[in-house]
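Just so you know, the protein sequences line up as chains A and B, in that order. Taking the working numbering, the leading residue of the first sequence gets 997, the next gets one more, and so forth. Taking the working numbering, the leading residue of the second sequence gets 2, the next gets one more, and so forth. All residues carry an ideal CB built from backbone N, CA and C; glycine is no exception. Every value quoted in this text rests on a predicted model; they were computed, and no experiment measured them.
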Amino acid sequence: AQSVTQPDIHITVSEGASLELRCNYSYGATPYLFWYVQSPGQGLQLLLKYFSGDTLVQGIKGFEAEFKRSQSSFNLRKPSVHWSDAAEYFCAVGASNAGNNRKLIWGLGTSLAVNP
Amino acid sequence: DGGITQSPKYLFRKEGQNVTLSCEQNLNHDAMYWYRQDPGQGLRLIYYSQIVNDFQKGDIAEGYSVSREKKESFPLTVTSAQKNPTAFYLCASSPTSGLVQFFGPGTRLTVL
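#1: Along the stretch 19-34 of chain B, where does the CB come closer than 7 Å to a CB of chain A? Name the residues.
#2: Can you pull out the residues from the stretch 87-99 of chain B whose beta carbon lies closer than 7 Å to at least one beta carbon of chain A?
#3: Just tell me which of A:Val1009, A:Gln1067, A:Trp1079 has its CA closest to the CA of A:Ser1022.
#4: Pick helix, strand or coil for B:Ile5, following the three-state DSSP scheme.
#5: By the three-class DSSP mapping on this structure, what secondary structure does A:Lys1057 have?
#6: Does DSSP put B:Arg109 in a helix, in a strand, or in coil?
#7: So, for B:Pro76: in the same chain, excluding its five sequence neighbours on each side, which residues have a beta-carbon less than 8 Å away from its beta-carbon?
#8: Would you mind telling me which residues of chain B sit closer than 9 Å to A:Gly1058, beta carbon to beta carbon, in chain order?
#9: Going by Cα to Cα distance, which pick from A:Glu1011, A:Ala1109, A:Ser999, A:Leu1017 is closest to A:Phe1059?
#10: Cβ of A:Val1033 within 8 Å of Cβ of A:Ala1083?
#11: Which residues does DSSP list as the beta-bridge partners of A:Gly1090?
#12: Distance check for B:Val112 and A:Val1077, CA to CA, integer angstroms please.
#13: Is A:Lys1045 close to chain B, meaning its C-beta is less than 8 Å from at least one C-beta of that chain?
#14: Taking DSSP as the reference, what is the three-state secondary structure of A:Arg1065?
#15: Could you tell me whether the stretch 1098-1112 of chain A touches the stretch 40-52 of chain B, using the rule of 3 or more Cβ pairs below 8 Å?
#16: Within 8 Å of any Cβ in chain A, is that where the Cβ of B:Phe104 sits?
#17: I'd like to know whether the C-beta atoms of A:Ala1061 and A:Tyr1085 end up nearer to each other than 8 Å.
#18: By the three-class DSSP mapping on this structure, what secondary structure does B:Ser68 have?
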């Protein structure tokens, strides 16, 4: 079955500390992978995506993610967290050969709190 | 500015009433989506449309209906058959050849 797992429901880090949010997927086809961020009461904003090529992708707001096919993972990282990074983070996967099936499979999200 | 508009931001209805949530996009995207978001449950797909005059049920379509008469618009009606309609509703769109979804700001529906 196709699925996305975000093992950490909630994470708290101190401002300035490094961050890694985990994402594991189960997907039959070659995956396209996404990380989105959602501030409270807002819509989702795309942080970064992986389609092909370099497995380390850079995104907005200083985030990066690494695709590891052997581990079926696409973990999100940031070297130094800012208080404004407190939000909900969602990992999603879609089919590279989407054709008429352009739905994404979503993880349940990881809530990030940042201590001053 | 291009983007997705959802209105209103907050919506209150009495139990038993149908209510329609608006979603408009000026990105010239073919595909549009409706999601429901509840605490701890992530995003659940209600309906999606990949072209005008066509739409498909998502994972939780019961109690909802949609129409897609124009490329720019994809309204969602929450009917009285939806047992627990209070939630945050998100609309998204994606371009013809892409998977990246762009989201609106959401509508919080409260049924009293």
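According to the structure data:
#1: Ala32
#2: Leu91, Ser95
#3: The sequence position of residue 1022 of chain A within the first sequence is 26, counting from 1. Answer by Cα proximity: A:Gln1067.
#4: For this step, residue 5 of chain B is matched to residue 4 along the second sequence. Correct three-state label for B:Ile5: strand.
#5: Along the first sequence, read from residue 1 onward, the residue named residue 1057 of chain A stands at position 61. It is helical.
#6: As a position in the second sequence, residue 109 of chain B is number 108, starting the count at 1. Three-state result, B:Arg109: strand.
#7: Within the second sequence, residue 76 of chain B is the residue found at index 75, counting from 1. Taken in chain order, the residues that qualify are Thr21, Leu22, Ser23, Cys24, Val67, Ser68.
#8: Taking the first sequence and counting its residues from 1, one reaches residue 1058 of chain A at position 62. By Cβ distance, chain B contributes nothing, its closest Cβ being about 20 Å from A:Gly1058, past 9 Å.
#9: Looking up residue 1059 of chain A in the first sequence gives position 63. When each option's Cα is compared against that of A:Phe1059, the closest is A:Leu1017.
#10: Walking along the first sequence from the start, residue 1033 of chain A turns up at place 37. Walking along the first sequence from the start, residue 1083 of chain A turns up at place 87. Yes, the Cβ-Cβ distance between A:Val1033 and A:Ala1083 is below 8 Å.
#11: Sequence index remark: in the first sequence, residue 1090 of chain A carries index 94 (1-based). The partner list for A:Gly1090 (beta bridge, DSSP) reads A:Tyr1028.
#12: For the purposes of this step, residue 1077 of chain A is taken as the residue at position 81 of the first sequence. For the purposes of this step, residue 112 of chain B is taken as the residue at position 111 of the second sequence. Spanning the two alpha carbons is a distance of roughly 38 Å.
#13: Looking up residue 1045 of chain A in the first sequence gives position 49. It does; some Cβ of chain B falls within 8 Å.
#14: Looking up residue 1065 of chain A in the first sequence gives position 69. Three-state DSSP puts A:Arg1065 in a helix.
#15: yes
#16: Translated into the one-based positions of the second sequence, residue 104 of chain B becomes position 103. Yes - at least one Cβ of chain A is within 8 Å of the one on B:Phe104.
#17: Position 65 of the first sequence holds residue 1061 of chain A. Position 89 of the first sequence holds residue 1085 of chain A. Going by C-beta atoms, A:Ala1061 is not nearer than 8 Å to A:Tyr1085.
#18: As a first step, residue 68 of chain B is located in the second sequence; it is residue number 67 there, counting from the start. The answer is coil: DSSP assigns B:Ser68 none of H, G, I, E or B.
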